[in-house]
Amino acid sequence: MRNLRNARFDQWRQPDVTSACWDPSRDEILCTIGPTAENSAIQLLRVREDSKSISQTLVASWEAPSPNPDLPVDSVVDIYHLSGTATTCLVLEGGDIITVQENDLSPNGVHIEIMGSIDAGIQAARWSPDEELLTIVTKDHTVVFMGSSFDPVAETPMTADDLRASKHVSVGWGKKETQFQGRGAKALRDPTIPEKVDHGLPSPHEDGAASISWRGDGAFVAINSVQEGARRVIRVYSREGLLDSASEPVDGLESALSWRPSGNLIAGIRRGQDAIEVVFFERNGLRHGQFTLRSPNGALDSEQDKIRLEWNTDSTVLAVVFKDTVQLWTTSNYHWYLKREIATQACGPSSLRWHTEKALRFAVATPNGIILAEQIFYSARGSCRAPYDNGLVAVIDGDLVKMTPFRNANIPPPMSLYEVKAESSVVDIAFGKQNASFAILHHSGIDLYDMNSAQGRTTRPTLLRKLPFDTKNMPENHVPLRISNVSDGIFRCKSYQEDLGHLHLVINTAEEREGDDIRMLETNQLLVATSTYEDDAGAESYGQDQNGKIYRLSETGNELLDVGFSSQLPWFEISKAEGTTTAFGLSRGGHLYANTRLLAKNCTSFLVTPSHLIFTTSNHFVKYVHLAGEVEELEVPGDDPEKDERCRSVERGSRLVTAMPTNMSIVLQMPRGNLETIFPRAMVLAGIRRLIDDKDYKRAFAYCRTQRVDMNILCDYRLDQFLANEDERLAEKAVEHICFLVDVNRVYEHALGLYNLNLALLVAQQSQRDPREYLPFIQNLHTLTELRRKFEIDDHLARRDKALSHLHAMDAFDELCQYTSRHALHQESLRLYRYDEPRLRALTEIFAAHLQASSKNREAGLAYESIQNYSKATSCYRAAGAACWQECLFAAQQQQEPPLSPEARADLAAALADALWEAKDFSAAATVQLEYLGSLEAAVRCLCRGYRFAEAMRLVAQRAQPDLLEAAVDVGVAEALGRTTEFLADCKAQLAAQVPRIAELRLRAREDPLAFYEGERPGADDGLPDDVSVAASSRVTTGGASLFTRYTGKTGSIGTAGTGVSRATSKNRRREEKKRARGRKGTVYEEEYLVNSVRRLVERVNDARPDAERLVFALARRGMPERARAAEALAVDVLQACDRAVAEVFPPAPAAQQQQQQQQDAGDAAAAEAWRATGGEGVFQEFMQEQGKKSEPPVVSKLEKLALLG
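In terms of my numbering, the sequence shown opens at residue 241 and continues consecutively.
Structure follows, in structure tokens:
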């Protein structure tokens, strides 16, 4: 759906131009003048284009006489500029290869050198895209490959044997005989007449010329030449000069050749009896379709001289060069469009060169001079302003304009709803105000058409006027370039004339005035881009110069605006959001600007609607930016389509065609050419809001329904307007639709929750409810006050928090307290009355009673304490246990009603001390005994029981009761020694019993794993394979069953093999878990139990080590060195035994074994995922999986020995 629009056009007149090429580093043209029959000299010139004129500079000049008497005048076969070395290479037909090197630092400035010469002469030459290879076809039918230093790389003769290089198996791409025609068409064909088969017959204009074309990546090169005695053939060679393929025979094939840079097509020219075709080949030489050339400016002359073909660098445009015309063709959806036709007015052969870096810029060299031009792709779309946004898009195809209003008909290209034919090749199209008219600019004039609408549908265009260019006030031989609508009935046309330069024509179509329909303005300002803006006031046209400045165009001249860009942008649009003019522009590199602010760096296409800036990105998103008056307020969404409605994913390579805000949709075109219409969420919501603003709730509801938008927007967006304009029928339809989609009971509850009784009644009537159920309830609600009604509704819907808030609003505190207790809404009620102190205390007391009844005594005590009810707080803290002894004693010492007696406090303290003793919090128990009961002896006993001997001795000394050292401290030390000695002896004995048993079990598992894990079960040996590996692995070598599957008896199934009884029950699993936890001797779980037991023992010994150290220190302080040494030795002995046990029970695995174990674990995990056992077998499966895993050994701490004990 894209056309080519002119961005730059200039002509430089100079006779005897023979060749031209681009210097992309300087963006200049290098061309040659001569040699000719009159003058054998060659002049190399640089042609430079600036904003006002074209200038030329002589680079070098030298004589080039013909070296061959059979060649009257030498000619330039190829010219190419090597940017890396600033060298221009010329290949002459006589055989010379000449380089011209420019050096600004050299005194001479230019160095000319003949790098070599081919005596036989040269037919064709072409440099590779990477400038590393030069391919030459000599006149003695030899292909020569030269490097960048002009050293020969390969030399290959072209012989008739090359034609057998490819064994073609044609599938008939595009041929009539392979297309489906149906039985009727096949019956009409005479079976006795064979289908036509090409034999490679020569064209009637065969000139024997050769041509060369490289593939875009430089890996292959194609050569089109005539094989004597055979036919014309296209050979494909690799970079090394090896023949890859040869084309199939094609009748009438000529010398034109161009390989598409993307690599999929090789284009050539086929001349038939009544048509000239562009034919395509694959790399293997097979045909791959064709299209017929045509010329709207006149029938193609069958006597046309040599035709040339040239693809542009990004493979989007194919240029067909005739003697006096250049045609630009594009393809989309398997159709070839003639987008532009440029008359060169040449008197001899022309050649075209595309710019290597700017894809749509080219230069045409003719014997009369050089034409410099640049095109851009654009979509000719109508206005996107509602309600005239009918999605009108026009596509140029030669002299045809294909028009489709996508709001009426979504017709994919190359088809269209309407077609309009012009007298000559179409150049540009401009739409008038409100899409009611459009103007077609073609080479012969301007055609104005009317585009009426009937019942919302666009009708077929009707011709209003034709304005030819051949009038007395129009200059001759001017080239029309672009047209735009500047106001209602007024158009501006830009054209170029060699003598006058750039012309600005004003076309008045509003009324017929003799001889004054087209007139020229005095200005010749160069505008490289134009755009049209339309609002309620009318249509306006804007232009942009080469510096990025924006002008408003009128029928009298150009007005400079205060907005613009920092540089020239090929595409731009104007917006006037909130009365502020903003220019949006897109660069060739994908940078999207708003005035001078950069919005995005990866934009591929954009358009502007009255509400949004819409653009696509190379990340395959379409984004929406809400228009604002200030550029800085524009917010570009991120690449997050799941969270942001302003961003949506689209197909790779999608581009915008048009937008239709009225339909809330946009049209996208895919890279292949097919179209897709989507309804983006941002556009849908904007459209629905616009319909609500217009009070068109019916259409808004319809769009909510079809686009799955939450219906709440109908009332939430403008609630007062919705309630004031409520349509009873529309509400009924909406309810009916919602009840069809959603459970009617949920809809009823939601309607009731809106406190809208009429809506709830309407929903209830759509349900299957009995009216005797809901009518009395709704009638009762009508009799209540508003707050009481809301309370009853929320209580009925079990929305307790909202119901409580209504009671608070009604100031019904007693009822609120009862409601709080009934539904446990204590926290919500406390929040409601957090600033009402008296009622907050009452609610807190209710909450405290609730906590106490729920056995949450600690929190209940805190609640009572917060309201200073210390009596109940003391009771709750006492019930909470020994952990709250401090809080309990604090509350007991506060003022209470009735006050607590000293005896009661003592009893409380004694009970707490006993509880702390039972909880083994001996330090806290000692604190209570000493501070609240005054019993130093009991406190010392508690401290000694907790191995706090140093604190006990300090208290005895502080209270000056030395008799307690022997009576209490020494007794406590002796008792602690007995307990510690007994504990360490038990640990030592346990290690001595369990460690050897673990070693024994592991030995049995290694010697006979099946017997160890299988046990003495009936049928255990049935079907036992004789090739079982006894290595430490869960797999067998060839038996196909692991130890675990052998235990279950089946692979991939559930059940016990011996009995066939299923164990996949929860009861069996619990039984097996208990069996595993007990680890009874003789079971498979015994080793796991013993290993865990050793781990727990080591942890217990580590925990007891600090107590043992304090005990040894206390024994030494109390004059018992022998006992201290014995206790210390026993502790050291047990810790050493633990070290040995850990080393034996938890041996470290070598690195290789660890890696093997990891791989085995991965395999076991995969097998377990494939089938997971249940019941008792599941417990065993988990056990086997854990057996293969290496467990971390516990760390044994070290005892700090006393140096005094030796």
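Built from N, CA and C at the ideal position, the CB exists for glycine as well.
Secondary structure at threonine 396: strand, using DSSP grouped into helix, strand and coil. With a contact defined as Cβ atoms closer than 8 Å, leucine 915 and valine 890 miss out at about 12 Å. Scanning the segment 1026 to 1107 for uninterrupted alpha helix (DSSP H) segments of 4 residues or longer gives 1026 to 1036, 1040 to 1050, 1053 to 1063, 1066 to 1072, 1077 to 1093 and 1097 to 1106, listed from N- to C-terminal end. In this structure, the alpha-carbon of leucine 853 lies about 7 Å from that of histidine 866. Contact between proline 652 and asparagine 573 holds, with the beta-carbon distance rounding to 7 Å and staying under 8 Å. Per DSSP, the unbroken alpha helix (DSSP H) holding alanine 1367 starts and ends at 1361 to 1385. For glutamate 550, DSSP records a beta bridge to Ala559. For the pair leucine 1217 and leucine 1351, the CB atoms are nearer than the 8 Å cut-off.
Non-local C-beta neighbours of methionine 1050 in its own chain, meaning closer than 8 Å and more than five positions away in sequence, comprise Leu1027, Arg1028 and Phe1031, ordered along the chain.
Within the same chain, and ignoring the five residues on either side of serine 1061 in sequence, the residues whose Cβ sits closer than 8 Å to its Cβ are Ile1086 and His1090.
Annotated three-state conformation of phenylalanine 671 is strand, per DSSP.
Apart from the 5 residues on each side of it in sequence, valine 1168 sits with its Cβ closer than 6 Å to the Cβ of Ala1149, Leu1152 and Ala1153 in its chain, given in chain order. By the 16-neighbour rule on beta-carbons within 10 angstroms, glutamate 1171 is exposed.
Closest in alpha carbon position to methionine 714, among Arg1219, Met1360 and Lys734, is Lys734. For secondary structure counted as the beta strand (DSSP E) over 3 or more consecutive residues, the segment 626 to 669 holds these complete runs in sequence order: 632 to 637, 640 to 645 and 658 to 661. With a contact defined as Cβ atoms closer than 8 Å, valine 560 and valine 518 qualify at about 7 Å.
When the alpha-carbon of isoleucine 358 is set against those of Asp380, Gly349 and Ile352, the nearest one is in Asp380. Within the same chain, and ignoring the five residues on either side of aspartate 564 in sequence, the residues whose Cβ sits closer than 6 Å to its Cβ are Thr584 and Ala586.
Here threonine 836 has Phe805 and Ser806 as same chain residues with Cβ atoms under 7 Å from its own Cβ, once five neighbours each way along the sequence are excluded.
With contacts defined by Cβ atoms closer than 8 Å, leucine 298 and glycine 334 do not form a contacting pair. Its chain contains Asp728, Gly729 and Ile730 as the residues whose beta carbon lies nearer than 8 Å to that of alanine 750, once the 5 sequence neighbours on both sides are disregarded; these appear in chain order. Looking at the DSSP output, asparagine 748 bridges to Ile730. Per the coordinates, the alpha-carbon of threonine 399 lies some 18 Å from the alpha-carbon of serine 495. Under the three-state reduction of DSSP output, valine 383 falls in the strand class. Segment contact: the segment 587 to 605 against the segment 631 to 639, fewer than three CB-CB distances shorter than 8 Å; contact not assigned. Alanine 1179 and alanine 1371 have their C-alpha atoms spaced approximately 28 Å apart.
For alanine 1190, the closest alpha carbon among the candidates Pro489, Phe1353 and Asp775 is that of Phe1353. For tyrosine 833, the enclosing beta strand (DSSP E) has its first and last residue at 832 to 834. For threonine 821 and threonine 698, the gap between their C-alpha atoms comes out near 31 Å. Restricting attention to Gln363, Glu278 and Leu657, the CA atom closest to the CA of methionine 643 is found in Leu657. The segment 915 to 928 and the segment 260 to 275 do not touch, with fewer than three beta-carbon pairs separated by less than 8 Å. By the criterion of a C-beta distance shorter than 7 Å, glycine 797 is surrounded in its chain by Leu761 and Thr763, once the five residues flanking it on both sides are discounted.
Among the bridge pairs identified by DSSP, methionine 760 is matched with Leu745. Taking 4 residues as the minimum length, the alpha helix (DSSP H) runs contained wholly in the segment 976 to 1027 are 984 to 993, 997 to 1006 and 1011 to 1023, in order along the chain. By the C-beta criterion, the segment 507 to 521 is judged not to be in contact with the segment 477 to 484, since fewer than 3 inter-stretch pairs fall below 8 Å.
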